[in-house]
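Data first, discussion second: the structure below is written as structure tokens.
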Amino acid sequence: MPNTKSAIKRARQSVKRAEHNKTQRSRLKTAIKRTMSATDPDEAETSFRETTALLDRYALRNLVHKNKAARKKGQLARHVASLREQA
Numbered sequence: 283m284p285n286t287k288s289a290i291k292r293a294r295q296s297v298k299r300a301e302h303n304k305t306q307r308s309r310l311k312t313a314i315k316r317t318m319s320a321t322d323p324d325e326a327e328t329s330f331r332e333t334t335a336l337l338d339r340y341a342l343r344n345l346v347h348k349n350k351a352a353r354k355k356g357q358l359a360r361h362v363a364s365l366r367e368q369a
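Residues in the sequence shown are numbered from 283 upward in steps of one, following my numbering.
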């Protein structure tokens with residue numbers, strides 16, 4: 283248990299920030315799933331743009347590692363390109 287006033291506040295902030303980060307990561311996972319499950323190339327392209335913007339933003343804020351963001355963007359780009367080839 284925190285003993286000082288500043289430690290109590292710090293613990294409170296930590297819980298609040300952890301909850302916020304959790305919702306942001308969940309939003310990112312949903313966006314990735316939406317892009318990967320898209321079957322229409324145009325829909326996939328739109329979803330891909332939104333997801334890459336999220337990945338870049340969250341990598342900048344250190345919510346996800348920058349290499350993970352780059353890897354996911356590559357995977358998503360390959361998926362969207364494969365949909366374009368099939369169409």
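Virtual Cβ for every residue (Gly too), placed ideally from N, Cα, C.
If you draw a straight line from the alpha carbon of R309 to that of N285, how long is it in whole angstroms?
-> The residue you call residue 309 lines up with position 27 of the sequence shown. The residue you call residue 285 lines up with position 3 of the sequence shown. So the two alpha carbons sit approximately 35 angstroms from each other.
Measure how close the beta-carbons of S329 and T321 come, nearest whole angstrom, since I'm counting them as under 8 angstroms.
-> Working through the sequence shown from its first residue, we reach residue 329 at position 47. Working through the sequence shown from its first residue, we reach residue 321 at position 39. Contact doesn't hold; Cβ gap of about 11 angstroms is too wide.
Collapsed DSSP secondary structure at L345 in the structure displayed = Taking the sequence shown and counting its residues from 1, the one referred to as residue 345 is at position 63. Looking at L345 - three-state DSSP - the assignment turns out to be coil, as it is neither helix nor strand.
Can you grab the Cα-Cα spacing for the pair K304 / A352, in whole Å?
-> Here residue 304 refers to the residue found at position 22 of the sequence shown. Here residue 352 refers to the residue found at position 70 of the sequence shown. The straight-line gap from Cα to Cα measures roughly 20 angstroms.
Could you check the C-alpha separation between R282 and H302 for me, to the nearest Å?
-> Any property of residue 282 remains undetermined from this structure, which presents the chain solely from 283 to 369.
Closer than 7 angstroms by C-beta to L342: which residues in its own chain qualify, once you throw out the five before and the five after it? Chain order, please.
-> One-based indexing of the sequence shown puts residue 342 at position 60. Excluding positions up to five away in sequence, the list is empty.
Determine the closest residue to K315 out of A363, N349 and T333, with distance taken between C-alpha atoms.
-> Start at 1 with the first residue of the sequence shown, and residue 315 comes out as number 33. With distances taken between Cα atoms, K315 lies closest to T333.
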